[in-house]
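Comments concern the structure below.
Protein chains in written order, with my numbering: chain V, 12 to 407; chain S, 12 to 407; chain Y, 12 to 407.
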C-alpha cells in the first residue's frame, strides 16, 4: 500500500466537511482535524510527486495571485502549487503604497475573478489593513457569485496578512513533524519563538503571531521572547493561551533570548517590528505623511540597534537542548558577516542548518496546494486514491 | 437537451464559414450571422463552465497578448479566455510611448509568433495608429506563415484599437440581449450613447464608436450625444447610418444629454476625447513635442471642464423610460464624490446598477473565448456538442 | 512512414545515454551524436507541430526562466518550448546590475526550484561571471535534490552565458543544415564569422564564440575575422582548432572582412565587444565604479567607430560565392539607414534575406524544446513514436 493510500485512509477519518468551498484566513479558524487534513494532503501530494504521479485536479482554471509586497519565494510557491493541481497563475500587480478602499476593492475583486478558482493574497504591510483587505475582497467575490456575476466562487489562500502567515507556519509545522518523526512526539517539546536583531526595519509580525497561534495546538511548550516594546498583537496571544490550555501544552512569555533558548528543542529567532510602531506607520501612510514615515524609520532602526545582543550566536545555541535545537527561519535571514554586519544569526549556525532550512521552505508549495485542494475538491479522499492509481505526470 | 446543445443547433444554421482562420478587427467587418455566432458560442462556453464541463479546445498552445497601454481588466479577460480553451498566455511588453514602424513591427511579429495560436492586441492610444499597428502585425504573421517561418497562422483578437473596441461592445451587447430577454425584444428600443464629464483627459473614442457601429444592427434607435467639438470618427458614423438603414432601426445625433436620455431604454454615459485633439496628439507624439503634449492636456482638461453638466445624475436618469433605463459603463467609471469630485455618474446611480455593471463586464472573457474559438476551430458545432458530452473541468 | 518516425529511427542509432538528467551548458561538452540528437528531436517536434500532433511530454510541470538581461526573443522562445512540451513558465526577475554571490545563489536556486523540471538561464553581461552563475545555480539544485529538498532534479538550458550561446548557435546550425539540404553537404563549405560595426557597445561575445565552437565540427572551413583588439576568448579558439582537426574542416583567423567574405558560402557579420574590455567592465561593475563604466563606454564606442568599414554592404556580399552566400544574424541587427545611421548591414542586403533570417530564428524554440526533451525523457525514441501515433494538439 502506497503512502498516499495510507494518508487518504487517515484523511477519511477526519471531520473536514466545512473546508470545501471555504477560505483559509487564519489557522485558528480551523479545527485540529482540519489542520491535520492539510498536513495529510500536503504529504500525499509530495508522495505522488516523488513517484511521478499526475496530481492534476483541474483540467483548466486560474489561480489569481495578488502581492501587495514584493515576494519571490511566496510567488513561486503559489505558482508551483497551482501548476501542481493544473491551474494557471495570473498575477495582479497592485501598487505597494496604495491602500485601496471598499468600493475599489469590490470592483477589482469581481473584475479579476471571472473564471478564477482560487485567490492568493499577500498583504502584510499595514497593521489593521491586511486582513481587512482580504476579507473585503472575498466578501465581494462571494456576493459576485451569489449575484450571478461569477459562475463559481473562488476561495482564498492567505499568503500572509498583518495577523497570520498560515502557509509559512503550516510549512514550518509540517517540517517539525517530519523532523521529530510524527506529531505524537511533540508533546512537551519546547519551542522558542524569539525576536532577533536585524539592521532592517518594519518586518511583519505575522510570522511570530502565526507561530504562537499554531504551535500551541500540539502540546508543545511555546515560549515567546522579545525586547521591551516589541509586543505582538494581544488578540493572538490570547489565542495562544487558549490553545495551550486546551492541548496540555503551555504558552509563556519571557524577557530574554537566553531564557527562551534554555533547553529549547526548537528555536525560531527572527526580527519583527513593534506592533505599536506598525499601527503608527499605517496611520502615517494613510495621512500620506512621508516626513513622519522617514522619522519613524530612523526611530525604529535606532530602537532595533539597542538590541544587537538578541542574535542566534553559537553561544546562544549551546543553551538549547544538547546544543542541538532545530533552528528555524522563514528566509531570507540576516546573517552576521554575510548579508549584513550584525544580524539575526551567526554564519556558522546558519550554515550548519542549511539543509533543514531549505527543507522547511520546501513544504510551503505543498501546504498551499493542500489548502487549494481541500477548498475545491468535494471528496479529497477519493481524489487522492484516484491520483494514486492514475497516470504519470511525465507522460513519457 | 442542454442549453449548449440548443445553442450548437442554432450555430449550425448560421453561415459562418469565413470566420475560420480569420482575424477580428471590427464588428462591421462581420456579417450579422457571424456576430450571432460569437454571441452563441459565448453563451455556450458560459453554460459549459457553469456546468463544470471542460472547455479545452487545445491540448497546448499560446495566446500572445500585446498591451500598448496599461490594462488590468482586458489583460485578465484575455488570460481567462485563453485558459478556458487550454492556451497559455505570454505577454509582450511594448513601451507605451513608442510608435513602432513597419520593419520593426514585422520582425517583432514573427519573433513572438512562433507556435502562437492567437494574438490579442490593445493599441488605442493614438488615433490613426492603433488599427494600423494591428494590421501591419497581422500582415507580417500571415506572410510569415506563407513563407514557412511560422508553422501555423495565428489569428487576431482586437482588444481595442483607435477605431473599435469589439470585445467590449460585443460584451455590452450580449449583456443587453440577456437583460432584455433576447435579441428579438430589442426592436425599437432606444439606446443613448452619450459623452459625460470626467476630470481626466484623452480617453479613447473606441467605445462610443464601437457602440454606434454595433448597436445600430439590431433595430434599435441609437442616439449619440456629445458637446460641440467631441465628434467621433465620421467614417464610423457613416457605418452607423448604413447599419440603421439596413435593419429598420435609426441612428441620430442630438446636442444634449437630456434629449438623449429622454425615454431611453439603455444609457451609456462615458467620457471620451475629441477626435481632432487626438489626431493632434498623435502628431505631437510623433514629433516628440513634450511641451506641445502638455499644453494640449491643459487645453483638453479646460475644455472638458466646460461640460460638467454632462453627468449621469439622478435627475438625468429620471428622464429615461420609467426612470429605469439600463445603465451601462465599460468600467472603471469616474464616480462623483467617490473616485473624483465631479465625474461621469452620481454615486447613487452607479451603486444601484452595480450588479448589472459587473455582469456586463463578465461577458468579456466569454466573448474573447468565442472569437478565438470561431477563428481556430473548423467545426465549432461538433466541438460544442463534444464538449457538452465530455469530461469535467474539475477532474475531481 | 512519417518524417517523425524516420527521425525517431535515426535517433535510435545514436549514443545519447548521458543526455538524460544532464544540463546543457556548452555545445563542446556534448558529443557529435548528442548534437545530432538535438537536431533530430527539434526536427521531429516541428514535424509533429506542423501535423497538429500533441507534443505534450508533461501533464504538468514548471520551466523556470532567469534573465539577467532583457530579452524578448529568447524569453518567447523558452516560453514556446516549455508550452510545446506541457510545461508552464515562471519568470524570476533578477536585478540586472546585481552580481549575486555564492550563498545567495544557492538559496535562490533552491527556493525557486521546488517542483521545477527545467531551468533556463541567460546571464551574458559579465565576462567571467555568466557561466559561473549558471554552474553555481545548478550545483545548488543538484545538492538540493541529493539532500531531499527538491523532489526531482531540474536540468539546465543555457539561454546564453558569457562563453557560449548554444540555443542560438544550434538554431543557426539547424538552419544551415536545412538550407544546404543536409549535414552531408556541408563538408568544405566556407563560413565567415566576422565582426561588424555597430553604434552600440558591449554586445556579448557568446555568439561568435558559440559559432566557432560549434560550426568547426561539421567539416566546414570556419573563418573568424575582426579588427585588432576584438579577440574572443582564447579557450574557445583552442576548442575551434581542435574541432577542426578532428573533423577534417579548418579554423582560421583573418584580418579583414574582405578576406573572410571571399568565396564564403555562409556569412555571419555581427558586432561584439573586445574580450579584454569586457573583463575590465566586469571589474568596474564589481567595484561599483560608475565613472569608470561611463568612461569605458565612451572609449569602446570610439574604438568601434574606427571600424565603420566592417559592414555587410552589397559590395562585400559580391565577394561571397556567386555573390549569394547565406546571410545569418541572430537579430536584432543594426541596419544602416534603418535602425541606425551606419551599422552592421546594408538595408538592401538585410531585406533580401528577411525570410531566411526569420526561418533561422524559428528553429530556436524547437532547439530549446529538444534540449529539454533529451534531458527529461528517458526514452525519447519511444516518446516520439508515441506522439506520432497520439492525439492532436488542437483537440477540436
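Ideal placement from N, C-alpha and C gives every residue a C-beta, glycine not left out.
None of these values were measured; they are calculated from a predicted model.
Worksheet item: What first and last residue would you give for the alpha helix (DSSP H) that runs through residue 169(V)?
Response: Here residue 169(V) refers to the residue found at position 158 when the first chain is read from its first residue. From DSSP, residue 169(V) is part of no alpha helix (DSSP H) but of the beta strand (DSSP E) over 166-169.
Fill in: Cβ-based neighbour list, residue 396(V), same chain, cut-off 7 angstroms, excluding 5 preceding and 5 following
Here residue 396(V) corresponds to residue number 385 of the first chain, with the count starting at 1. Excluding the 5 residues flanking it on each side, residue 396(V) has same chain C-beta neighbours closer than 7 angstroms at 16, 19, in chain order.
Worksheet item: Any Cβ of chain Y within less than 8 angstroms of the Cβ of residue 99(V)?
Response: Within the first chain, residue 99(V) is the residue found at index 88, counting from 1. Interface residue (Cβ-Cβ distance to chain Y less than 8 angstroms): residue 99(V) is classified as such.
Practice prompt. Quick one: measure Cβ to Cβ for residue 344(V) and residue 356(V), integer angstroms, because I've assumed they're closer than 8 angstroms.
Written response: Residue 344(V) sits at position 333 when you count from the first residue of the first chain. Residue 356(V) sits at position 345 when you count from the first residue of the first chain. Correct: roughly 6 angstroms between the Cβ atoms.
Fill in: Proximal chain S residues relative to residue 152(V), where beta-carbon distance stays under 8 angstroms
Here residue 152(V) refers to the residue found at position 141 when the first chain is read from its first residue. What residue 152(V) touches in chain S: nothing, since even the nearest Cβ is about 11 angstroms away.
Worksheet item: Do you know offhand how far residue 30(V)'s Cα is from residue 133(S)'s?
Response: The residue labelled residue 30(V) in the question sits at position 19 within the first chain. The residue labelled residue 133(S) in the question sits at position 122 within the second chain. Rounded to the nearest angstrom, the two C-alpha atoms are 40 angstroms apart.
Fill in: residue 306(V) versus residue 295(V) - alpha carbon distance
The residue labelled residue 306(V) in the question sits at position 295 within the first chain. The residue labelled residue 295(V) in the question sits at position 284 within the first chain. Looking at the two C-alpha atoms, the distance is approximately 11 angstroms.
Discussion item. To test your reading of the DSSP string, which unbroken beta strand (DSSP E) runs of 3 or more residues are found completely within the stretch 241-271 of chain S?
Written reply: Complete beta strand (DSSP E) runs here, min 3: 261-265.
Worksheet item: Using a beta-carbon distance cut-off of less than 9 angstroms, what residues from the stretch 114-139 of chain V approach chain S?
Response: Of all residues in the stretch 114-139 of chain V, 114, 115, 117, 118, 119, 121, 122, 123, 124, 125, 126, 127, 128 have a Cβ within less than 9 angstroms of some Cβ in chain S.
Worksheet item: Of the choices 28(V), 32(V), 52(V), 244(V), whose alpha-carbon is the least far from that of residue 42(V)?
Response: The residue labelled residue 42(V) in the question sits at position 31 within the first chain. Nearest option by C-alpha distance: 28(V).
Worksheet item: If you compare alpha carbons, which of 203(Y), 314(Y), 61(Y) is closest to residue 327(Y)?
Response: Working through the third chain from its first residue, we reach residue 327(Y) at position 316. Residue 327(Y) has its Cα closest to that of 203(Y), out of 203(Y), 314(Y), 61(Y).
Fill in: Classification of residue 181(S) by the beta-carbon crowding that lies within 10 angstroms, buried from 16 upward
Here residue 181(S) refers to the residue found at position 170 of the second chain. By the beta-carbon neighbour count (other beta carbons within 10 angstroms, threshold 16), residue 181(S) is buried.
Worksheet item: For the alpha helix (DSSP H) that contains residue 360(S), what are its first and last residues?
Response: Looking up residue 360(S) in the second chain gives position 349. Residue 360(S) -> alpha helix (DSSP H) spans 358-363.
Worksheet item: Which residues does DSSP pair with residue 102(S) in a beta bridge?
Response: As a working mapping, residue 102(S) is identified with position 91 in the second chain. DSSP lists 76(S) as partners of residue 102(S).
Discussion item. Whole angstroms are fine: how far does the CA of residue 377(S) sit from the CA of residue 118(Y)?
Written reply: To locate residue 118(Y), count along the third chain from 1; it is residue 107. To locate residue 377(S), count along the second chain from 1; it is residue 366. When rounded, the distance between both Cα atoms is 42 angstroms.
Discussion item. Tell me which residues share the same chain as residue 166(S) and place their Cβ nearer than 6 angstroms to its Cβ, disregarding the 5 neighbours each side in the sequence.
Written reply: The residue given as residue 166(S) occupies position 155 in the second chain. Here the set comprises 34, 129, 386.
Worksheet entry | Stretch pair the stretch 246-261 of chain Y + the stretch 330-340 of chain Y: three plus CB contacts closer than 8 angstroms | Contact between the stretch 246-261 of chain Y and the stretch 330-340 of chain Y is absent: fewer than 3 CB-CB pairs across the two stretches fall below 8 angstroms.
Worksheet item: Taking DSSP as the reference, what is the three-state secondary structure of residue 392(S)?
Response: Position 381 of the second chain holds residue 392(S). Helix at residue 392(S).
Worksheet item: Between 78(Y), 347(Y), 45(Y), 208(Y), which lies nearest to residue 314(Y) when the distance is taken from Cα to Cα?
Response: In the third chain, counting from the first residue as 1, residue 314(Y) sits at position 303. Comparing Cα-Cα distances from residue 314(Y) to each of 78(Y), 347(Y), 45(Y), 208(Y), the minimum goes to 208(Y).
Discussion item. One question on the structure: do residue 285(Y) and residue 240(Y) come within less than 8 angstroms of each other, judged by their Cβ atoms?
Written reply: As a working note, residue 285(Y) is residue 274 in the third chain. As a working note, residue 240(Y) is residue 229 in the third chain. Taking a C-beta distance under 8 angstroms as the contact criterion, residue 285(Y) and residue 240(Y) qualify as a contact pair.
Item to complete: Classify residue 238(S) as buried or exposed, calling it buried when 16 or more other Cβ atoms lie within 10 Å of its own Cβ.
Response: Residue 238(S) sits at position 227 when you count from the first residue of the second chain. Buried, since its Cβ has 16 or more Cβ neighbours within 10 Å.
Item to complete: State yes or no: is the beta carbon of residue 67(V) nearer than 8 angstroms to at least one beta carbon in chain S?
Response: If you number the first chain from 1, residue 67(V) lands on position 56. Taking Cβ atoms only, chain S reaches closer than 8 angstroms to residue 67(V), which makes this a yes.
Worksheet item: Excluding five sequence neighbours on each side, which residues of the same chain lie with their C-beta closer than 7 angstroms to the C-beta of residue 138(S)?
Response: To locate residue 138(S), count along the second chain from 1; it is residue 127. Only 173, 286, 289, 290, 293 meet the Cβ criterion.
Worksheet item: Taking residue 317(S) as the reference, which of 225(S), 383(S), 210(S) has the closest Cα?
Response: On the second chain, position 306 is the one that residue 317(S) refers to. Ranking 225(S), 383(S), 210(S) by Cα distance to residue 317(S) puts 210(S) first.
Item to complete: Determine the extent of the beta strand (DSSP E) in which residue 219(S) is found, giving its start and end residues.
Response: The residue given as residue 219(S) occupies position 208 in the second chain. Not the beta strand (DSSP E): residue 219(S) falls in the alpha helix (DSSP H), residues 217-226.
Practice prompt. Find out if the Cβ-Cβ distance for the pair residue 122(S), residue 87(Y) is shorter than 8 angstroms.
Written response: Walking along the second chain from the start, residue 122(S) turns up at place 111. Walking along the third chain from the start, residue 87(Y) turns up at place 76. Contact check for residue 122(S) against residue 87(Y) passes: the beta carbons are separated by less than 8 angstroms.
Discussion item. Less than 8 angstroms between CB atoms is the rule here; does residue 103(S) satisfy it with respect to chain Y?
Written reply: Walking along the second chain from the start, residue 103(S) turns up at place 92. True, the Cβ-Cβ gap to chain Y drops below 8 angstroms.
Item to complete: Determine the closest residue to residue 220(V) out of 176(V), 370(V), 189(V), with distance taken between C-alpha atoms.
Response: Locating residue 220(V) in the first chain gives position 209, counting from the first residue. Comparing Cα-Cα distances from residue 220(V) to each of 176(V), 370(V), 189(V), the minimum goes to 176(V).
Discussion item. Taking the alpha-carbon of residue 213(V) as reference, which of 312(V), 70(V), 154(V) has the nearest alpha-carbon?
Written reply: Mapped onto the first chain, residue 213(V) falls at position 202. Ranking 312(V), 70(V), 154(V) by CA distance to the CA of residue 213(V) puts 312(V) first.
Worksheet item: Beta carbon of residue 90(S), beta carbon of residue 163(V): below 8 angstroms?
Response: Walking along the second chain from the start, residue 90(S) turns up at place 79. Walking along the first chain from the start, residue 163(V) turns up at place 152. Between residue 90(S) and residue 163(V), the gap from beta carbon to beta carbon reaches 8 angstroms or more.
Item to complete: Label residue 309(S) either buried or exposed according to how many other C-beta atoms from any shown protein chain fall within 10 Å of its C-beta, with 16 as the threshold for buried.
Response: Translated into positions along the second chain, residue 309(S) becomes position 298. Answer is exposed; the Cβ neighbour count stays below 16.
Fill in: Contained beta strand (DSSP E) runs [length at least 3] in the stretch 113-172 of chain Y, N- to C-terminal order
Taking only runs of at least 3 residues, the beta strand (DSSP E) segments lying wholly in the stretch 113-172 of chain Y are 127-133, 166-169.
Fill in: chain V contact for residue 32(Y) (CB, 8 angstroms cutoff)
Working through the third chain from its first residue, we reach residue 32(Y) at position 21. It does not; no Cβ of chain V falls within 8 angstroms.
Worksheet item: Which class does residue 197(S) belong to by DSSP, given the choice of helix, strand or coil?
Response: Within the second chain, the letter at position 186 stands for residue 197(S). Reduced to three states, the DSSP call for residue 197(S) is coil.
Worksheet item: Apart from the five residues just before and just after residue 273(V), which ones in its own chain have a Cβ nearer than 7 angstroms to its Cβ?
Response: Taking the first chain and counting its residues from 1, the one referred to as residue 273(V) is at position 262. The answer, listed in chain order, is 330.
Discussion item. Classify residue 403(Y): buried if its beta carbon has 16 or more other beta carbons within 10 angstroms, exposed otherwise.
Written reply: Position 392 of the third chain holds residue 403(Y). With fewer than 16 other Cβ atoms within 10 Å, it is exposed.
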